[in-house]
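Line by line, the protein sequences are chains V and B.
Each residue of the first sequence is one higher than the last, beginning at 0 in numbering that gives the first Met the number 0.
Each residue of the second sequence is one higher than the last, beginning at 0 in numbering that gives the first Met the number 0.
So the structure is just underneath, and the comments pick up after that.
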Amino acid sequence: MTTRELRRVTLDGELTIMTAAEHKDRLLTALAGSGGLRVDLSAVEEVDTAGLQVLLLARREAEQLSLPFELAAPAPDVAAVLALAGLTAAEEE
Amino acid sequence: MSADDDDMREALDTFVTEARDLVQQLEDGLLDLEAHPSAAETVNTVFRAAHTLKGSSGLFGLRHLVHFTHVVETVLGSVREGDLAVSPGLVSSLLPCADHIGAMIEGLAAGRLEPDAAQAAEGARLLAALEPYLPDGQAALAADRAEQSGGDAVPERAWRLSLRFGADSLRNGMDPLSFLRYLASIGTVSQVTTDAGALPAAGEMDPETCYLAFEVELVSGAPKEEIEAVFEFVREDSDIRIVPADHQLDAYVWAIRAMPESDRVGDVLIGSGVVTELEMAEALRIQQDQAVRSGTQPVPIGEILVRHGIVPAPIVDAALNRQRKTTETRSQDTTTIRIDAARLDRLIDLVGELVIAQSSTGLRAGAGGEAQGEVMRLVDEVRHSALALRMVPIGTTLRRFERVVRDVCVELHKEVSLVITGGDAEMDKALVERISDPLLHLVRNSLDHGIETPAERQRHGKTAQGTLRLNAYHDAGSIVIEVSDDGRGLDRDRILAKAVEREVVAAGAVLSDQEVYDLIFEPGFSTAETVSNLSGRGVGMDVVRRNVTALRGSIEVDTTRGAGTTIRIRLPLTLAIIDGFLVGVGSSSFIVPLDRVTECVELPPGPLGRDCMNLRGEVLPFIRLRELFDIPGEPARRQNVVIVEQSGQRTGLVVDALLGELQTVIKPLGVLFSRLKCISGSTILGSGEIALILDVGPLVADHSEREHLLRARPAA
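Written as structure tokens, this is what we have:
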């Protein structure tokens, strides 16, 4: 689809208000200059609204750059939360 | 607005019709079960009938019905599950339940949304009888529900929650997601949409600020208050809206329409569960603020609720409708209560006794000072209000004739418009009922004999359409009801000819016009050439007069040839109390109805040739009450004459003493005396003595008859 490759980012631990600022920076930095993001969520144990916001923000930024933004392998709990916000995990490659 | 009402009525009618069928199914099924206790299909039918009844009742907010049918359904459910065997005892307990449901449905059809006390008691009794058949633990539950009237009756409802959390929620440790998770514990969260529209540009986005809003669809049996309470801690900073889901609007609208009426739209909304007290308080606060700020009239609360998204507009409309209906019906129905006539009579009887007792204290104490005067005034007012209780406007009775006129016109091919005036005039309920038939005779008579056919009318230069007027008005302590038509009027010659033919009057007798017209009230008198099935069989006018006289009324006819006839009925306003004029003859007292008394004069001294005297140059015949009633003793030295008027004819009543005006409570005479002609009743005087009330009409008529006989004898 794109000439540049998807950049893989792996998040772990909790994706909550405690870590939201950090994750925001990471995701936005990773997005910049990439061919899109693939965020591996398999190691994420917990998501709250703050975390969800950050993911939504990153997705919007990607959309604005017309870049793909994929979420991968969330744990079931996390997936359920993501689903609330209309964020679905990408199929396994 | 009215369309909505009609919709509601229609919906309710449909429900009633269906419910009748279901009750029938229930009953048939139960009877069938008794014969074939194990017929699975029948058990199913019966259970479904009960279930559907419960469901539809819930739709209309008929809590008592829901509650009652729920228990029945539970019992039938056990039968269906095989936990309970059909026994004659069970069927005997269930059959009256079906009857009870039927009775409540019929009550509904008659417009009663709630069962009356008797029905409620009956319902409770029937439920108690079902108790042994309820599964363990349910029995207590059923009783419980009877207390709180349908905890189970609240069906699951779908809510739409708009949750816009405060920006600081996250920092305050309030995670919106945890609220969503909690919601799942009180209902089913069927859908969540996240609105990230408020997310600012990446650079400005503070990761610790909450930007997200959620739209949640929740299906829950929990009342709105409970859902609201979930957000108690974030309420301050957040914008939480809980409204019924769109597809439930109709259900709310229906429920509201079926709710008891209320003065305040807020009560209706809170009662329906669509608004919580909290929300209403908030809306009221906004209303106040706005009014204070703008210095104008407060905006209607409904408008505020809608504008702030607390309640959808259709629901507010329905509630307003409910309120408006309240105001409307207030002015008519709800201000009236039905009272057992016997109780009312008892009250009036007591008031009568009070009046008597009071006049007795008045007599004994003489001028008892201010307090006495006050008591007299109050008793008088109590008497008036008590009598007013029996007063009803005559309009309802008069309007009933619209149908009569219409039907008769169709039958006779006449065109008549009915004009009713003075329907507000009030009269004693008993009188209204008893005057209705005579009036019917008069109306039919006018239509049949009075008003001509269109062709005939046009030949006489009248409009093709005739007019029948019913008019009522109060006149000097009596009510006058007029039935007038603009028809052909009475034919004097024909009436006279008929009267001679029938030997009612002697041939060649000279009669005044009035006397001739009054002949139509003679028994067996009819001038109609063709006898129709409406009137003209010679029964009617005499019966009318008899009925009117029996009510202490009078009837007269006023007619102009070719221009129309007016029949005028004059009735007392009430039958219970009259204003009387007390006179004494020897040791006896009599009461002359005051409305008949025109004046009192002293009996001229000296011997009088006949029983008549000179009253300002006119001959006044009089009756000596002393002779009439064979009262012993010498007449007083100075006697008085009470002049009474009956059908335009004046007669004197010679008495010993004039004792003054008196409010008289009429006590009917016993059966033994029912044939007495000149006495209409009796009353107890303040002194404890009994006074007879003179019936002036027959008294005068009787006397002139006797005079006739006396005069006829010497001639013969």
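Idealized CB from N, CA, C, for every residue including glycine.
**Asked** What is the DSSP secondary structure of residue 8(V), reduced to helix, strand or coil?
**Response** strand
**Request:** Output, in chain order, the set of chain B residues within a Cβ distance shorter than 8 Å of residue 27(V).
**Result:** 201
**Per-residue contacts from residue 12(V) into chain B (C-beta, under 8 Å)** = By Cβ distance, chain B contributes nothing, its closest Cβ being about 15 Å from residue 12(V), past 8 Å.
**Prompt:** What residues from chain V crowd round residue 207(B), counting only those whose CB sits closer than 9 Å?
**Reply:** The answer, in chain order, is 16, 19, 20 and 49.
**Request:** Please determine, among 452(B), 579(B) and 44(B), the residue with the shortest C-alpha to C-alpha distance to residue 660(B).
**Result:** 579(B)
**Request:** Measure the C-alpha to C-alpha separation of residue 602(B) and residue 611(B) and round it to an integer number of angstroms.
**Result:** 10 Å
**Request:** Please work out which residues of its chain come closer than 6 Å, Cβ to Cβ, to residue 695(B), disregarding the five sequence neighbours upstream and downstream, and give them in chain order.
**Result:** 595, 643 and 645
**Asked** With 8 Å set as the bound, which would you pick, yes or no: does the beta-carbon of residue 162(B) sit closer than that to a beta-carbon of chain V?
**Response** no
**Asked** Is it true that the CB of residue 42(B) sits closer than 8 Å to the CB of residue 78(B)?
**Response** Yes, the Cβ-Cβ distance between residue 78(B) and residue 42(B) is below 8 Å.
**Request:** Answer with yes or no whether the minimum CB distance from residue 195(B) to chain V is below 8 Å.
**Result:** yes
**Chain-order list of residues whose beta-carbon lies under 7 Å from that of residue 463(B) (same chain, five-residue window excluded)** = 414, 453, 456 and 457
**Message:** Given this structure, state the Cα-to-Cα distance separating residue 13(B) from residue 111(B), to the nearest angstrom.
**Reply:** 16 Å
**Asked** Are the beta-carbon atoms of residue 552(B) and residue 569(B) separated by less than 8 Å?
**Response** yes
**Prompt:** In chain B, which residues lie less than 9 Å from residue 53(V) when you measure between Cβ atoms?
**Reply:** 204 and 206
**Asked** Quick one, which residues of the stretch 62 to 89 of chain V are near chain B if we go by CB-CB under 8 Å, in chain order?
**Response** 80, 83, 84 and 85
**Prompt:** At what residue ranges does the stretch 169 to 218 of chain B contain a whole run of the alpha helix (DSSP H), taking only runs of 4 or more?
**Reply:** 175 to 185
**Message:** Run through chain V and tell me which residues come within less than 9 Å of residue 174(B), C-beta to C-beta.
**Reply:** 15, 16, 47, 48 and 49
**Message:** Using 8 Å for Cβ pairs, my map puts residue 308(B) next to residue 405(B). What's the rounded Cβ distance?
**Reply:** No, residue 308(B) and residue 405(B) are not in contact; Cβ-Cβ is about 53 Å, not under 8 Å.
**Prompt:** residue 82(V) and residue 70(V) look like a contact to me (Cβ under 8 Å); what is the Cβ gap, rounded to whole Å?
**Reply:** 11 Å between Cβ atoms; not a contact.
**Message:** Please state the DSSP three-state secondary structure of residue 473(B).
**Reply:** strand
**Prompt:** How many Å lie between residue 715(B) and residue 507(B) at the Cα?
**Reply:** Caution is warranted here: a pLDDT of 38 is assigned to residue 715(B), below 50, making its placement in the model unreliable, and the coordinate value is therefore given only provisionally. Roughly 19 Å between the two C-alpha positions.
**Request:** Within 10 angstroms of the Cβ of residue 143(B), are there 16 or more other Cβ atoms? Answer buried if so, exposed if not.
**Result:** Bear in mind that a pLDDT of 41 at residue 143(B), under 50, signals an unreliable position, so the model cannot answer this.
**Prompt:** Are at least three pairs of beta-carbons, each pair with one atom in the stretch 51 to 67 of chain B and one in the stretch 26 to 33 of chain B, less than 8 Å apart?
**Reply:** no
**Request:** Could you tell me whether the Cβ atoms of residue 473(B) and residue 424(B) are closer together than 8 Å?
**Result:** yes
**Coarse secondary structure for residue 677(B), derived from DSSP in three states** = coil
**Request:** Below 6 Å CB to CB, which residues in the same chain sit around residue 114(B) once its five sequence neighbours on both sides are set aside?
**Result:** 63 and 103
**Request:** Take residue 640(B) as the anchor and find which of 432(B), 628(B) and 600(B) has the nearest alpha-carbon.
**Result:** 600(B)
**Prompt:** Tell me, which residues are paired with residue 599(B) by DSSP?
**Reply:** 641(B)
**Asked** Between residue 60(V) and chain B, is there a C-beta pair that is closer than 8 Å?
**Response** yes
**Item:** Below-8 Å beta-carbon distance, residue 94(V) vs any chain B residue
**Value:** No statement about residue 94(V) is possible, as the shown extent of chain V runs from 0 to 92 and does not include it.
**Prompt:** For residue 22(V), is the classification buried or exposed, using 16 other Cβ atoms within 10 angstroms of its Cβ as the cut-off for buried?
**Reply:** buried
**residue 452(B), DSSP secondary structure in three states** = coil
**Asked** For residue 546(B) versus residue 436(B), is the C-beta spacing smaller than 8 Å?
**Response** yes
**Asked** Looking at the unbroken alpha helix (DSSP H) that takes in residue 122(B), where does it start and where does it end?
**Response** 116 to 129
**Prompt:** Measuring CA to CA, which of 216(B), 656(B) and 505(B) is closest to residue 161(B)?
**Reply:** 216(B)
**Distance between beta carbons of residue 294(B) and residue 279(B), contact taken as under 8 Å** = Contact doesn't hold; Cβ gap of about 24 Å is too wide.
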